[in-house]
Every structure is written in structure tokens, then in C-alpha cells.
Amino acid sequence: MARVEWPNSLLFASIYGVVESASTALFGAVIGSWVDRLAYAKVMAVDPELLIHSDLKSRNFAAFISLVIRVNFSGAIGVLSTLAGTILIERDW
Numbered sequence: 095m096a097r098v099e100w101p102n103s104l105l106f107a108s109i110y111g112v113v114e115s116a117s118t119a120l121f122g123a124v125i126g127s128w129v130d131r132l133a134y135a136k137v138m139a140v141d142p143e144l145l146i147h148s149d150l151k152s153r154n155f156a157a158f159i160s161l162v163i164r165v166n167f168s169g170a171i172g173v174l175s176t177l178a179g180t181i182l183i184e185r186d187w
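Right under this line is the structure:
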């Protein structure tokens, strides 16, 4: 097994990439329908807590992990919306 050195590791970037790709494959249609039903402002307001509570990791680690998970899902939504836009453009050609 490879040794993981946390300070110099790309582990979190790798986890983000895996979550993003897996969520695209698994939840593409569900997220697309959800985004279509909501207003733009509601979709964009999913994670402002990370900007407001920057010291949350030291105060409440469970809440911090919850927000990190939400950021991963927001990244998935971004990838899925890009995928939807690409499909729309390619379909019209």
C-alpha cells in the first residue's frame, strides 16, 4: 500500500474528482430536473456558509465536513449543468 503524506498529498483533489465523476454518472438526470425546477438564485445560494464561517473547521468539525460534502455536490451540479449545455449544443448541430 502506498504511503500517503497528508500535507503534500493530492488526496482531497482526487476525492473531489472521484465524487464529481461518480455523481455525474449516477445523478445526472436527477440533478438536471432539480436545477430546472428551482430559480437561479436558489441554486446559487446553496453554499454561502463556507464564506461566512471560515473558522468552522476548528469549532465544529462535523459541520465542516457537511459543508465540504455540499461543496462536492455543488461541483457535481456544475459538471452536470456543463454536460447539459454541451448536449443541447451538440443536439442542435
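For the sequence shown, my numbering gives the first residue as 95, with consecutive numbering after it. Backbone N, C-alpha and C define an ideal beta-carbon position, used for all residues, glycine too. Model, not experiment: these values are computed from the prediction.
In whole angstroms, what separates the C-alpha of residue i from that of residue j?
i: SER174; j: PHE155; result: It should be pointed out that residue 174 corresponds to Leu in this sequence rather than to Ser. If you take the alpha carbons of LEU174 and PHE155, they lie about 29 Å apart.
i: ILE163; j: LEU104; result: 17 Å
i: SER115; j: ILE181; result: 17 Å
i: SER152; j: SER160; result: 14 Å
i: PHE121; j: ALA157; result: 24 Å
i: ASP130; j: ASP149; result: 34 Å
i: GLU184; j: ALA178; result: 10 Å
Less than 7 Å between the beta carbons of residue i and residue j, yes or no?
i: ASN166; j: VAL113; result: yes
i: SER58; j: ALA170; result: Residue 58 lies beyond the residue range present for the chain, which begins at 95 and ends at 187; the question has no answer from this structure.
Please state whether DSSP places residue i in a helix, a strand or coil.
i: SER103; result: coil
i: LEU174; result: helix
i: ASP130; result: helix
i: ASN154; result: coil
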